[in-house]
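Mapping to the UniProt record's numbering: the sequence shown position 193 is 193, numbers consecutive. We treat Cβ as the ideally placed atom computed from N, Cα and C, and that holds for glycine.
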Amino acid sequence: MNLRPIVRDVQVERNLRRLVQKLVNARWFKYKLVSLVVVTQLIVLCATHANQPSWFSFWQTVFSHCVAAFLVVETCLKLYGHGVEAYFSRNSNIFDLVVSFIGLLDLVLFPHGCGSATNIFIRLRPLRVFRLYTLLSHNKNLHFLKVVLVPLPAMMSVLLLMSYVAFFYANLGVQLYSGVDFIQDDRFGVTSYTSYRHTDFKTLPHAFQLMTILATGDSWTDFLIKVLENDETVNYHVTYFFFGTYFVIQVWIMVNMFVLFIVENLELMTSEDIQRRQAIINTFQRAWAKYDPKGTGRLRRADLPALLV
1 MNLRPIVRDV
11 QVERNLRRLV
21 QKLVNARWFK
31 YKLVSLVVVT
41 QLIVLCATHA
51 NQPSWFSFWQ
61 TVFSHCVAAF
71 LVVETCLKLY
81 GHGVEAYFSR
91 NSNIFDLVVS
101 FIGLLDLVLF
111 PHGCGSATNI
121 FIRLRPLRVF
131 RLYTLLSHNK
141 NLHFLKVVLV
151 PLPAMMSVLL
161 LMSYVAFFYA
171 NLGVQLYSGV
181 DFIQDDRFGV
191 TSYTSYRHTD
201 FKTLPHAFQL
211 MTILATGDSW
221 TDFLIKVLEN
231 DETVNYHVTY
241 FFFGTYFVIQ
251 VWIMVNMFVL
261 FIVENLELMT
271 SEDIQRRQAI
281 INTFQRAWAK
291 YDPKGTGRLR
301 RADLPALLV
């Protein structure tokens, strides 16, 4: 466990900075006001639709710039109130800084919403919605949201293993079924292109894309029947074994491992022992911060007895 003390806010001497620090630490500012702004931004983004009138797009741009300006001001106030070290000691503040910087670039480079067809910052505006996660994670009733992030390292390992299995079967499929054509569909007497236009075993990238689709369990029997109907060079027992084993490994084993990690972490985080240990750790970190306000992780030998007592 990488245990470090909580980095305390900078000790203020000026009245202005003391007022700013009190403002950014106020619950109504940290949670209620920011949540209201972000939720309103979410509603505006959801109202976007095709062929919307120009006046609606104009007011969307104006409101988005107002939200961006508010987030930039909020970031500046937190930097000034908490101090640089205390601000960057929290990962959520770093994410907020990135979102605010993107909004500032959008505000400066496209003040009138010009070039919206090629403005990449418009595509990045939905990132502001993810700020709600940090705000909601402080709600005890929504404590289970942390369960989604805790097993991410283990889930990434499973995802990497799934990619390796898909890559192996894609290579094998290219060697066995490179002559099978999945494009034409004559089931209704009309030759048409299916939605999987670039998924076949002719090339390795196309085969890997096909195996990724099959990992979701989407129409895997249709591809199996297509191979059996159009390929007479490979024994049908081999084809059944190829698709059957891949479906079992990816869909029944690998995908269910994601659910396994989430359920396991949910049980751990809701157990009384884990909650009691987390409360003890938080108390220890707050006590440690009194002797190490900068959060260096070091402690003088003379302060150790006082900390333990």
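Query	Result
Can you tell which of M156, Y246 and R286 has its C-alpha closest to the C-alpha of L210?	Y246
Using C-beta distances below 8 Å, list every residue in its chain close to V180, excluding the 5 sequence neighbours before and after it, in chain order.	D200, F201, K226, V227, N230 and D231
Note the first and the last residue of the continuous alpha helix (DSSP H) segment covering N171.	L152 to Y177
Could you spell out where the alpha helix (DSSP H) holding W220 opens and where it closes?	W220 to N230
Using CA atoms only, rank isn't needed, just tell me which of Q250, L16 and Q21 is closest to Y169.	Q250
Just list the beta strand (DSSP E) runs in the segment 57 to 136, keeping only unbroken ones of 3 residues or longer that don't cross its boundaries, in chain order.	none
Helix, strand or coil for residue 395, going by three-state DSSP, please let me know.	In this structure the chain extends from 1 to 309, so residue 395 is not present and cannot be described.
Anyone know if the C-beta pair for H65 and L107 falls short of 7 Å?	yes
Would V24 and G81 qualify as a contact pair, given that the criterion is a beta-carbon distance under 7 Å?	yes
Thinking C-alpha only, which one of S89, T221, V234 and L16 is nearest V248?	T221
State the Cα-Cα distance for the pair A287 and N51, rounded to the nearest angstrom.	58 Å
May I ask which residues mark the beginning and end of the alpha helix (DSSP H) holding A207?	L204 to A215
Just reading off the alpha helix (DSSP H) that F201 is part of, what are its end residues?	Per DSSP, F201 belongs to no alpha helix (DSSP H) and is neither H nor E.
Please tell me whether V158 and R128 are closer than 7 Å, where the distance is taken between their beta carbons.	no
Provide the residue span of the alpha helix (DSSP H) that contains Q41, from first to last.	V34 to C46
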